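Position one of the sequence shown corresponds to residue 17 (the working numbering), numbered consecutively onward. Ideal Cβ placement from N, Cα and C applies to all residues, glycine included. What you are looking at is a predicted structure, and each value in this text was computed from that prediction instead of being measured. Have a look at the structure below before the remarks.
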Amino acid sequence: MVVLSPSPPLSSALVLACQETSDNLQALLGTLPLEKPRHSARVFRSSELSRYHKKIIWEIFESNMRDLYTQSSVFDWDPLSKKEELFNEDSRFIVILDGSTLIAYTMFRFDREESWDVVYCYELQVAEAAQSRGIGNYLVTELCRIAHSSKMSRVMLTVLTANERATNFYLAQGFLPETSEEESENADDEDESDESDDNMCMDYQILHKPCLTPPPLLPTP
Ligand SMILES: CC(C)(COP(=O)(O)OP(=O)(O)OC[C@H]1O[C@@H](n2cnc3c(N)ncnc32)[C@H](O)[C@@H]1OP(=O)(O)O)[C@@H](O)C(=O)NCCC(=O)NCCS
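Okay, here's the thing in structure tokens:
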């Protein structure tokens, strides 16, 4: 018989966040800082996305990320497992629509990382033609707003080191690398320090942005 050590109980904030409806999360969103009124931001659970929107979500991901994954020594280009991760039942999406055309999205989940209740941003993808118009900034801001409102303490994400533009973008957005601060908290735990050593040798970085205060609303154009 296998005896599993008991998992720590989930915090009530995390339980509530996981139950939150897409409509309630959408009601939190600030106004999109885009000039054309046909643009809109919508929140969906994976199960609420249309087949067409799932197709576009995959196409934007493939177009933006395929080369980076292929060149990575850690991540494989494995469409099947990536689609399973993207459209897992726990996945939530904020999508940006231009009319009915999906042009950008973030996929996130409410989760527990070490001792933190977090919004984990698995993907932030803006279609090439829509980049550098403030959409990435908007999506990060709204993830922080959702995190703050749901009593999650931070937004976390993983970025490939080779993805210099995205890394610089996240640092400019106020994300911080997992630092000695976190390492020293776990100093007695050998496995943890091994993990952070590994992290430094890998071709990716884990970043976080504290969300203890609500982000300001972005100015409308
Ligand atoms: C990284 C990424 C998410 C950033 O999103 P974005 O919408 O292009 O970012 P923003 O427009 O908010 O900000 C990016 C730049 O535009 C500038 N900008 C912001 N608002 C602007 C506006 N209204 N008009 C012109 N430029 C603007 C910003 O100053 C910023 O400057 P930079 O080019 O020096 O970084 C996006 O480029 C992307 O999807 N890249 C490919 C996929 C990827 O790497 N995702 C991350 C995986 S971890």
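Query                                                                                                     : Result
Heavy atom of ligand 1 within 7 Å of I119 beta-carbon                                                     : no
Spatially closest choice to L228 from L187, T183 and K167, by CA coordinates                              : K167
Of the listed residues Y138, E130, F91 and I151, nearest to N26 (C-alpha basis)                           : Going by the sequence as given, residue 26 is Leu instead of Asn. Considering only alpha carbons, the answer is E130.
Identity of the residues DSSP links to Q221 by a beta bridge                                              : V175
A188 CB to nearest heavy atom of ligand 2 below 7 Å                                                       : Judged by which ligands are present, ligand 2 is missing from the structure shown, whose ligands are ligand 1.
Reduced DSSP category for E100 - H, G, I as helix; E, B as strand; rest coil                              : helix
Run of the alpha helix (DSSP H) containing D83, from where it starts to where it stops                    : R67 to Q87
A33, buried or exposed, once every other Cβ within 10 Å from all chains shown has been counted against 16 : buried
Contact belief for P235 with P49 at Cβ below 8 Å, rounded distance in angstroms                           : 6 Å
Which of helix, strand or coil DSSP assigns to C34                                                        : helix
Inter-residue Cα distance where the pair is S165 and A43                                                  : 11 Å
Three-state secondary structure (DSSP) of Q147                                                            : coil
L140: CB within 7 Å of a non-hydrogen atom of ligand 1                                                    : yes
Alpha carbon of G190 to alpha carbon of R108, nearest angstrom                                            : 23 Å
V156 in three-state terms, based on DSSP                                                                  : helix
Helix, strand or coil at S28 [DSSP, three-state]                                                          : helix
Near ligand 1: G46 beta-carbon under 7 Å from a heavy atom                                                : no
Collapsed DSSP secondary structure at A163 in the structure displayed                                     : helix
Own chain residues within Cβ distance below 6 Å of T174, not counting five before or after                : Y220 and I222
Any non-hydrogen atom of ligand 1 within 7 Å of F185 CB                                                   : yes
heavy atom of ligand 1 below 7 Å from A33 C-beta                                                          : no
Start and end residues, beta strand (DSSP E) containing E139                                              : W132 to V142
Option nearest D106 by Cα separation, candidates M172, E36 and I112                                       : E36
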